[in-house]
Amino acid sequence: MNDDFQPLDLAACYGADWTGRLISYGTASLLAPRRLRIGPSHIALICAHHGGPVWVESTTLCSHPCVIMGHHVSGVQAHLPEARIDDYAQSGGHVDLYRLSPIDRLSPTESELLTRILIRHFIGRQVTYDMGGALLSGTRLFKRTRLLPNADLNELFCSELVAAVLMRLSRLNRTNPTRYNPACLLRQLVREGSYQFEREFTGKEVLAT
């Protein structure tokens, strides 16, 4: 891994297109931590692969081929962090990086488990995107009722993937990961003290190699 990223870093993505702004402002909260009052429109996570960092996400909107599968994917996929940060920066958006607090950092064994879960299980099994769950996670009341569908780990939207992984690694209490949109998930992690804001990427930085 290079100096810019650590395993289980979270990338909070702020898109500048109308879809990104709709998600960010639709999940806004005046009661949230100041930096998260306007929430991210998308979230991804970092793991180590062949000695370097890869950005893993569930999306249908990336134009790059997955660096693991070698072709375009609609669902869980991996990319170089620099490429995805540049995608947001070039379109007028930005990416905030959040990092586990020092007492919550992964051990080497946990980092290896994280990579196996993401690369072998979710990407290797070609887990697809959960559009229905993504729409339900943006509701304010329905997602808190018993009518919320059970989690299906064979199809996942972005924050559902991140929440499921955090639960598996005991960095988030077990519950239905479908209830979390990107803003809701990150606010809870910051409030609980397990994650801290690390830095903002606007595309002007020179990343370590």
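Quick note on numbering that gives the first Met the number 0: the sequence shown kicks off at 0 and runs consecutively. Positions of the beta carbon are idealized from the N, C-alpha and C atoms, including for glycine.
- Does the Cβ of E199 have 16 or more other Cβ atoms within 10 Å, making it buried, or fewer, making it exposed? exposed
- So, using beta-carbon positions, are W54 and A47 closer together than 9 Å? no
- For Y179, three-class secondary structure by DSSP: coil
- Query: In terms of alpha-carbon separation, which member of S193, P181 and T201 lies closest to L35?
  - Reply: P181
- According to DSSP, is H71 helix, strand or coil? coil
- Task: Decide yes or no for the touch test of the segment 147-164 against the segment 102-112: beta carbon pairs closer than 8 Å, at least 3 of them.
- Result: no
- On the three-pair Cβ rule with 8 Å, is the segment 83-92 touching the segment 184-194? no
- For W54: DSSP bridge partner residues: I45 and H78
- Query: How long is the line joining the alpha carbons of A27 and T18, rounded to whole angstroms?
  - Reply: 14 Å
- Message: Using a Cβ-Cβ cutoff of less than 6 Å, which residues in the same chain neighbour G14 once the five nearest sequence positions on both sides are dropped?
- Response: S40 and G92
- Message: What residue range does the alpha helix (DSSP H) around L7 cover?
- Response: Where L7 is concerned, there is no enclosing alpha helix (DSSP H), given that its DSSP letter is neither H nor E.
- Classify V205 as buried or exposed, calling it buried when 16 or more other Cβ atoms lie within 10 Å of its own Cβ. Note on V205: pLDDT 45, under 50, position unreliable in the model; the coordinate value appears next. Result: exposed.
- Item | Three-state class that DSSP yields for L187 in the structure shown | Here residue 187 turns out to be Gln, not Leu, going by the sequence shown. In the structure shown, Q187 sits in a helix (DSSP, three-state: H, G or I).
- Helix or strand or just coil, what does DSSP make of V94? strand
- Limits of the unbroken beta strand (DSSP E) element including Y194: Y194 to F200
- Message: Please return the same chain residues whose Cβ sits closer than 7 Å to the Cβ of T114, not counting the five positions on each side in sequence.
- Response: C46, A47 and H48
- Message: Let's test the definition: count the other Cβ atoms within 10 Å of the Cβ of Q195 and tell me whether it reaches 16, buried, or not, exposed.
- Response: exposed
- Alpha carbon to alpha carbon, how far is R178 from I67? 28 Å
- Could you name the residues that DSSP lists as bridge partners for E154? T127
- Task: Compute the beta-carbon to beta-carbon distance between A11 and V126, rounded to the nearest angstrom, for a pair I have assumed lies under 8 Å.
- Result: A11 to V126, Cβ: 22 Å. No contact.
- Is L112 helix, strand or coil by DSSP? helix
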